[in-house]
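As given, the protein sequences belong to chains A and B, one line each in that order.
For the first sequence, this note's numbering begins at 20 and goes up steadily by one.
For the second sequence, this note's numbering begins at 164 and goes up steadily by one.
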Amino acid sequence: MDVVLLSRLQFAAATIFHFLFVPLTIGLSTLVAYMETQYVRTGDETYLAMTKFWGKLFLINFAVGVVTGITLEFQFGTNWSGYSAYVGDVFGSLLAIEATAAFFLESTMIGVWVFGWRKLSKKAHATVMWLIAGASTLSAVWILIANGWMQHPVGFDIQNGRAELVSFLQVVLNKFGWMIFLHVIAGAFVLTAFFVMGISAFHLLKKQQVEFFTRSFKIALFTGFVAAVLVVVHGDFHAAHVAEVQPAKLAAMETLWETQPKAPVYLFSIPDEEKEANLIEIGKIPGLLSFLAFKNVDAEVRGLKEFPKEDRPPVFISSLAFKGMVGLGTYFIFITLVGLFVRNRLTEFPLFLKIIMFSIPLPYVANELGWILAEVGRQPWIVYGMMKTADAASPVDPVQVAISLAGFILVYGLLGAAGFYLMAQNAKKGPVPVEEEV
Amino acid sequence: MELQITWFFLWGLLWAIFFVTDGFDFGIGTLMPFLAKNDTEKRVMLNAMGPLWDGNEVWLIAAGGVTFAAFPILYATMFSALYSALMLILFALILRGVAMEFRGKVENVIWRQVWDFCVFFGSVVPAVLFGVAFANFFKGIPIDAEGIYHGNLFSLLNGYGLLGGLLFLFLFLEHGALWLSIKSDGDLHDRAVRTAHGLWWILIAVALLFLTATRFETRLYDNYYANPVLFLLVLINLAAFLQVKWFLIKKAYFTAWFSSALAIICCTFFGLIGLFPNMLPSSVDRAADITALNASSSPLTLKIMLTVVIIFIPIILAYQIWAYNLFKGKVTKADLAAEDAY
């Protein structure tokens with residue numbers, strides 16, 4: 020195998036694994052901060068128990084998330100030195116700012132939060148959790164501005180044989196980055212909501228700690244509904260922007276081969292990249308794609324055939340990821356809407372609770388599909404329209420990369436197993452019972 | 164030019180702070196199997212760095228990130244050249260990080276032993292490999308004019324590289340033993356103090372050996388001969404080492420630790436000043452040397468990043484010092500009994 024493919028596999032493995040833990044870090048830190056604030060405001064011990072219970076799950080998740088994030092920063096150097104040398108002037112600063120402005124605060128405060136229960140006032144302790152939540156969101160801002168730049172590079176000039184920064188403001192205000200940011204954050208809250216609802220449902224089914232878990236469930240339910248609506252509405256805006264700046268990705272998402280006005284959306288389609296046509300097309304809605312992309316049913320949308328074969332992203336993966344994400348997004352709105360109707364009689368609807376419980380993995384899948392679409396859909400470019408992935412890899416011995424890839428799979432596999440085992444154990448155990456005050 | 168020089172030293176400063184802060188974590192993690200007689204003592208050792216190690220480790224991320232932003236060519240070359248070494252360090256750090264969080268979460272002897280081993284492995288491997296890496300920086304590595312590395316993991320493990328590894332290991336062991344002396348009491352405290360006393364002699368021997376070998380293996384002294392005033396740094400470094408012993412004898416453990424921190428900073432800058440303006444010299448072709456002047460970002464990026472670090476580094480230092488201060492004092496039985504302890 021060649022070094023480019025191995026490095027791509029390694030980066031994909033590292034990112035996909037890291038991103039199993041990131042959304043929950045972002046979402047749950049905010050929910051725990053909210054719970055702790057409620058405790059400080061009302062003095063209600065149930066909120067304290069909630070803070071501790073969900074906080075513990077947050078910490079296990081955070082531990083794996085944080086260590087797997089470290090490798091990502093360094094892989095730009097180890098595996099993608101061509102990329103780093105060519106665009107480091109623009110891209111490097113974004114990662115460096117993420118570390119100095121956000122990640123430091125998050126990591127330092129985690130230690131303070133965990134060990135600071137007896138050293139800080141209640142208010143100060145709750146504030147620390149808000150700092151953690153804020154910093155993890157701020158981390159996402161910088162990382163996604165960086166990713167947005169790879170998707171839609173702006174604010175640079177090619178000088179001295181590399182991309183040199185011309186306008187930092189343009190890079191930071193890049194619409195693409197902020198679009199992804201809003202989408203990712205909303206997706207993180209959907210995932211967190213289903214995580215909290217799912218574990219609560221497990222206990223509600225067994226009628227354990229009903230008050231505790233009903234309250235947790237409801238907080239998550241409102242969060243989940245709002246986030247699910249935002250994620251879908253916003254996804255639509257984002258797709259329109261993709262249509263504008265990454266036409267090949269849009270065509271691949273929708274398996275559109277011919278450039279045409281009144282471009283259709285297919286509810287289901289299977290593309291055949293050899294024949295440059297769709298094998299199966301079901302539920303054709305003419306004009307919908309034109310409308311979604313350009314808010315005009317007659318607008319012309321560029322098809323895949325417009326791009327040279329070597330400049331097209333993998334159509335099958337892109338379309339599957341997109342359809343999967345849209346389907347799941349619709350489901351999240353539907354099921355949380357049902358939840359809003361039954362929220363005050365949760366224990367009377369065991370079937371609903373079961374469905375919620377088994378839905379825990381779905382937002383994980385949806386979040387990962389989003390990333391797969393973003394990154395695979397950008398191919399063959401590492402920086403869209405500017406640098407090909409094939410030109411970006413380090414000139415290192417493929418054997419080294421193969422060994423480290425095996426190492427990643429082994430170490431991450433074990434960590435993932437241990438991390439999810441611990442989360443499951445602690446989730447099952449439930450909170451430390453609160454003494455009822457008379 | 165001034166910008167690049169400023170960045171060269173800022174780059175060094177970030178590495179130095181990382182070695183000072185996470186250094187004692189590496190030391191304690193490496194000492195754990197040797198110093199702790201039972202699980203309680205292990206937990207005292209872990210909790211001695213518990214609230215702090217996560218924030219300490221971020222200095223590595225910052226040093227890496229700043230290398231990327233300010234010296235992208237260096238970032239690309241050094242990490243691809245040192246590929247396997249860096250991967251080993253990263254895996255070690257990953258294992259250490261989760262081990263801290265995971266070990267206490269299940270009541271099972273084997274579970275704990277596995278994670279204890281990870282703490283040890285995750286401490287000793289980075290400590291040694293960072294030393295090996297930096298010594299090879301001082302010596303130069305086989306890169307050609309295209310920045311392609313002609314060597315492998317084992318070519319880094321040459322005599323001088325390994326000596327650098329030993330130096331870092333003993334610097335961090337001493338640093339860790341001193342931190343543990345501050346944070347523990349009773350038997351463990353006495354053992355930590357005795358260890359710090361004993362390790363000091365080995366550290367001095369290794370440091371002198373390294374200074375001598377540097378004379379023969381590297382071009383580092385060229386800058387010193389050109390500007391003899393720079394030898395002052397070496398003197399301060401020696402003074403810092405002596406202070407470690409002096410304050411140890413005086414039982415002023417925090418001051419001793421502080422002196423050890425100063426010694427680590429001096430050691431880092433001893434190498435950097437010798438390297439300057441090189442960052443990663445080539446051992447095969449001097450025209451292929453990677454320097455602060457030919458590896459840097461554009462002036463605009465350097466200026467923006469300078470603004471960023473001038474604003475944020477003091478803020479970071481302020482809240483980290485606040486956190487250190489919050490968790491000062493010895494790890495007590497009450498600390499271990501609390502549910503948040505490791």
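Cβ atoms here follow ideal geometry from the backbone N, Cα and C, with glycine treated the same way.
It should be emphasised that the depicted structure is a prediction, and the values quoted were computed from it without experimental measurement.
Any chain B beta carbon closer than 8 Å to A/Gly111: Here residue 111 of chain A refers to the residue found at position 92 when the first sequence is read from its first residue. Yes, A/Gly111 counts as interfacial toward chain B.
With C-beta atoms as the reference, is A/Gly79 less than 8 Å away from A/Leu441? One-based indexing of the first sequence puts residue 79 of chain A at position 60. One-based indexing of the first sequence puts residue 441 of chain A at position 422. According to the sequence displayed, residue 79 of chain A carries Ile and not Gly. Going by C-beta atoms, A/Ile79 is nearer than 8 Å to A/Leu441.
DSSP state of B/Phe301, grouped into three classes? Counting from 1 along the second sequence, the entry for residue 301 of chain B is found at position 138. B/Phe301 falls in the helix class under three-state DSSP.
DSSP three-state assignment for A/Val457, whether helix, strand or coil: The residue you call residue 457 of chain A lines up with position 438 of the first sequence. Below a pLDDT of 50, predicted positions are generally treated as unreliable, and A/Val457, at 35, falls in that range; no measurement from the model is reported.
Whole angstroms are fine: how far does the CA of B/Gly324 sit from the CA of B/Arg259? In the second sequence, residue 259 of chain B corresponds to position 96, counting from 1. In the second sequence, residue 324 of chain B corresponds to position 161, counting from 1. Rounded to the nearest angstrom, the two C-alpha atoms are 24 Å apart.
Can you round the beta-carbon distance between A/Gly348 and A/Ala247 to whole angstroms, since I take them to be within the 8 Å contact cut? To locate residue 348 of chain A, count along the first sequence from 1; it is residue 329. To locate residue 247 of chain A, count along the first sequence from 1; it is residue 228. With 8 Å as the limit, A/Gly348 and A/Ala247 qualify as a contact, their Cβ atoms being about 7 Å apart.
Just how far apart, CA to CA, sit A/Val203 and A/Val209? One-based indexing of the first sequence puts residue 203 of chain A at position 184. One-based indexing of the first sequence puts residue 209 of chain A at position 190. A/Val203 and A/Val209: Cα-Cα distance of roughly 10 Å.
Tell me which same chain residues have a C-beta within less than 7 Å of the C-beta of B/Asp448, skipping the five on either side of it? Working through the second sequence from its first residue, we reach residue 448 of chain B at position 285. Closer than 7 Å at Cβ, skipping near neighbours: Asp307 and Ala308.
What are the boundary residues of the alpha helix (DSSP H) that includes B/Leu246? As a first step, residue 246 of chain B is located in the second sequence; it is residue number 83 there, counting from the start. Sequence check: residue 246 of chain B is Tyr here, not Leu. Unbroken alpha helix (DSSP H) run through B/Tyr246: Tyr246 to Phe265.
Unbroken beta strand (DSSP E) run spanning A/Ile304, endpoints: As a first step, residue 304 of chain A is located in the first sequence; it is residue number 285 there, counting from the start. From DSSP, the beta strand (DSSP E) with A/Ile304 extends over Ala296 to Ile304.
What does the alpha-carbon distance come out to for the pair B/Trp170 and A/Gln94? Here residue 170 of chain B refers to the residue found at position 7 of the second sequence. Here residue 94 of chain A refers to the residue found at position 75 of the first sequence. Looking at the two C-alpha atoms, the distance is approximately 23 Å.
Residues of the segment 466 to 485 of chain B with a CB closer than 8 Å to any CB of chain A: list them in chain order, please. Ile467, Met468, Val471, Val472, Phe475, Ile476, Ile479, Tyr482 and Gln483
So B/Lys496 contacts chain A; which residues on that side make the cut at Cβ distance below 8 Å? Taking the first residue of the second sequence as 1, we reach residue 496 of chain B at position 333. Ordered by position in chain A, no residue passes the 8 Å Cβ test against B/Lys496, which lies about 14 Å from the chain.
Determine, for A/Ser413, whether the minimum Cβ-Cβ distance to residues of chain B falls below 8 Å. Reading the first sequence from its first residue, position 394 is the one you call residue 413 of chain A. It does; some Cβ of chain B falls within 8 Å.
Flag A/Gly96 as yes if its beta-carbon sits less than 8 Å from any beta-carbon of chain B, otherwise no. Counting from one through the first sequence, the residue named residue 96 of chain A turns up at place 77. So yes, A/Gly96 belongs to the interface.
Given a cut-off of 8 Å, decide if A/Gly343 and A/Gly206 are closer than it, judged by their beta-carbon atoms. Along the first sequence, one-based indexing puts residue 206 of chain A at 187. Along the first sequence, one-based indexing puts residue 343 of chain A at 324. Taking 8 Å as the Cβ cut-off, A/Gly206 and A/Gly343 do not qualify as a contacting pair.
Can you check whether the C-beta of A/Asp108 is within less than 8 Å of a C-beta belonging to chain B? Taking the first residue of the first sequence as 1, we reach residue 108 of chain A at position 89. A/Asp108 counts as touching chain B.
Any C-beta of chain A under 8 Å from that of B/Glu270: Walking along the second sequence from the start, residue 270 of chain B turns up at place 107. It does not: the Cβ of B/Glu270 has no partner Cβ on chain A nearer than 8 Å.
Between the CA atoms of A/Gly346 and A/Leu298 - distance to the nearest angstrom: On the first sequence, position 279 is the one that residue 298 of chain A refers to. On the first sequence, position 327 is the one that residue 346 of chain A refers to. Going from the Cα of A/Leu298 to the Cα of A/Gly346 covers about 21 Å.
Residues, ordered as in the chain, of the segment 415 to 426 of chain A that lie near chain B by beta-carbon distance below 9 Å: Val415, Asp416, Gln419, Val420, Ile422, Ser423 and Gly426
Quick check on this structure: which residue in B/Ala340, B/Lys491, B/Thr381 and B/Phe373 has the alpha carbon closest to the alpha carbon of B/Ala443? One-based indexing of the second sequence puts residue 443 of chain B at position 280. The question names Ala, but residue 443 of chain B is Leu in the sequence shown. It is B/Thr381 whose Cα lies nearest to the Cα of B/Leu443.
Reduced DSSP category for A/Trp390 - H, G, I as helix; E, B as strand; rest coil: As a working mapping, residue 390 of chain A is identified with position 371 in the first sequence. Of the three classes helix, strand and coil, the one that applies to A/Trp390 here is helix, per DSSP.
Using CA coordinates, which residue listed in B/Phe197, B/Pro289 and B/Met208 is at the minimum distance from B/Phe181? Position 18 of the second sequence holds residue 181 of chain B. For the residues B/Phe197, B/Pro289 and B/Met208, the minimum Cα distance to B/Phe181 belongs to B/Pro289.
In chain order, what residues of the same chain lie with their CB nearer than 8 Å to the CB of A/Arg181, ignoring the 5 residues before and after it? Looking up residue 181 of chain A in the first sequence gives position 162. Ala104, Tyr105, Val106, Gly107 and Asp108.
Look at the alpha carbon of A/Ala143 and the alpha carbon of A/Val451, and state the distance between them as a whole number of angstroms. Working through the first sequence from its first residue, we reach residue 143 of chain A at position 124. Working through the first sequence from its first residue, we reach residue 451 of chain A at position 432. So the two alpha carbons sit approximately 23 Å from each other.
Which bits of chain B does A/Arg137 rub up against, with CB to CB less than 9 Å? The residue labelled residue 137 of chain A in the question sits at position 118 within the first sequence. Simply Ala497, Asp498, Ala501 and Asp503.
At least one CB of chain B closer than 8 Å to the CB of A/Glu64: is that the case? In the first sequence, residue 64 of chain A corresponds to position 45, counting from 1. So, not an interface residue.
Would you verify that the beta carbon of B/Ile168 is, or is not, closer than 8 Å to some beta carbon of chain A? Here residue 168 of chain B refers to the residue found at position 5 when the second sequence is read from its first residue. B/Ile168 does not count as touching chain A.
What are the start and end residues of the beta strand (DSSP E) that includes A/Ile401? Position 382 of the first sequence holds residue 401 of chain A. First-last of the beta strand (DSSP E) with A/Ile401: Trp400 to Val402.
To the nearest angstrom, how far is it from the Cα of A/Pro327 to the Cα of B/Leu330? Against the first sequence, residue 327 of chain A aligns to sequence position 308. Against the second sequence, residue 330 of chain B aligns to sequence position 167. One C-alpha to the other measures close to 56 Å.
Once the 5 residues before and after A/Leu25 are set aside, which same chain residues still bring their CB inside 7 Å of it? Translated into the one-based positions of the first sequence, residue 25 of chain A becomes position 6. Excluding sequence neighbours, A/Leu25 sits near Pro417, Val420, Ala421 and Leu424.
Check this for me: beta carbons of A/Met128 and A/Glu55, under 8 Å apart or not? Translated into positions along the first sequence, residue 128 of chain A becomes position 109. Translated into positions along the first sequence, residue 55 of chain A becomes position 36. No; because the gap between Cβ atoms is not below 8 Å, this pair is not in contact.
Candidates B/Trp216, B/Met195 and B/Thr375: closest to B/Phe284 by CA position: Locating residue 284 of chain B in the second sequence gives position 121, where the first residue counts as 1. Of B/Trp216, B/Met195 and B/Thr375, the residue nearest in Cα terms is B/Met195.
Along chain B, in chain order, which residues have C-beta atoms closer than 7 Å to that of A/Val83? As a position in the first sequence, residue 83 of chain A is number 64, starting the count at 1. Going along chain B in sequence order, the residues near A/Val83 (Cβ under 7 Å) are Val261.
Taking only beta carbons into account, state which residues of the segment 49 to 76 of chain A come closer than 7 Å to chain B, listed in chain order. none
For the segment 164 to 190 of chain A, enumerate the residues whose C-beta is nearer than 7 Å to any C-beta of chain B, in chain order. Glu183, Leu184 and Phe187
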